[in-house]
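Participant: First, the structure itself, so that you have it in front of you.
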Amino acid sequence: MYSLPCNDGAHHLHGGPDGLALKLWRAERDGAALRFRITSPDGDQGYPGTLEAEVIYALGDDDALRIETRARGDRATIVILASHVYWNLRDGGAGPILEHELVIDADTYLPVGPQGILTGELPPVRGTVFDFTRPTAIGAGISEAERLVLRGGYDHCFVLRGTGLRRVARVFEPHTGHALEETTQPGVQLYTGNSLDGSRSGHGGASYRRFHGLCLETQGFPNAPNRPQFPSTRLEAGAEYAHTTIYRIVSAF
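So for the sequence shown, the numbering used here puts the first residue at 16; every next one is plus one.
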């Protein structure tokens, strides 16, 4: 039995109050790629074993950003590493993403309760505000999603079709172009920047506010250790954790 520190009310979120996302990683350049490495010692944030992790960001000639994530530990532990890139294909975050059209190759999703914890159910998306099986404006279901799930917008994991490296989501911005995504993961978390409050700014002084960016975080299912029906996120001692995500900018849906 392991006790993990709580940093989201009574829950453990994003690896804890001092998770890997908040630590300084070692960086080195390798041609057109940038490699980040980190060592998480035994007991860090309550997790067993020493974990060696690396993330490689590589730009290709095909206008694609390829993210390779690897990890290996000396004891069995839980590992879910995900990219939290924000996208705004219209103006870089100066305005909202509500008109962006989205397709996700998922027939079911993972609903959450009022505290944001997965219920364990896998209901169909068809006919709900979670139905992105056809191009749908993200803003079309926002108000109803807020009312139904109390999350301030979308912050939900979708159960992806297929296995291996495959295209799982497409985003279309009517004024500029598209972003495509490929992954080896079983799920993708759609997050619509619900907590952005204008306190951060970017290029050109753009103030990042609610709904000014969206994330498509390819990952294992959240809360999987407590839901035996979900794909396991347990990494055995000496085994390799590995997944790939590709973001590609193209000019056609």
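Think of the CB as a built atom: it goes at the ideal place given N, C-alpha and C, for glycine as much as any other residue.
Using the DSSP secondary-structure output, state which residues sit across from residue 45 in a beta bridge.
Facilitator: According to DSSP, residue 45 bridges with 48.
Participant: Quick check: what's the CA-CA separation for residue 53 versus residue 233?
Facilitator: Rounded to the nearest angstrom, the two C-alpha atoms are 20 Å apart.
Participant: Drop a sphere of 10 angstroms on the beta-carbon of residue 198, count the other beta-carbons inside from all chains shown, and report buried for 16 or more, exposed for fewer.
Facilitator: By the 10 Å Cβ count, residue 198 comes out buried.
Participant: Under 8 Å, do residue 72 and residue 48 count as touching if we go by C-beta distance?
Facilitator: Against a cut-off of 8 Å, the Cβ pair of residue 48 and residue 72 comes out as a contact.
Participant: Would you mind stating whether residue 79 and residue 262 have Cβ atoms separated by less than 8 Å?
Facilitator: In contact: residue 79 and residue 262 (Cβ atoms closer than 8 Å).
Participant: Once DSSP output is grouped into helix, strand and coil, what is the label at residue 132?
Facilitator: Coil at residue 132, not helix or strand.
Participant: What beta strand (DSSP E) runs, 3 residues minimum, are completely inside the region 104 to 190?
Facilitator: Taking only runs of at least 3 residues, the beta strand (DSSP E) segments lying wholly in the region 104 to 190 are 116 to 119, 121 to 125, 170 to 175, 181 to 188.
Participant: Taking the beta carbon of residue 67 as the centre, do at least 16 other beta carbons fall within 10 Å, making it buried, or is it exposed?
Facilitator: Flag for residue 67 reads exposed.
Participant: Count the C-beta pairs between the region 144 to 157 and the region 243 to 253 that are closer than 8 Å, then say yes if the count reaches three, no if not.
Facilitator: Output reads no: the region 243 to 253 does not touch the region 144 to 157.
Participant: Measuring CA to CA, which of 230, 236, 97, 208 is closest to residue 223?
Facilitator: The shortest C-alpha separation from residue 223 is found at 208.
Participant: For residue 212, write down the residues that DSSP places opposite it in a beta bridge.
Facilitator: Paired residues: 224.
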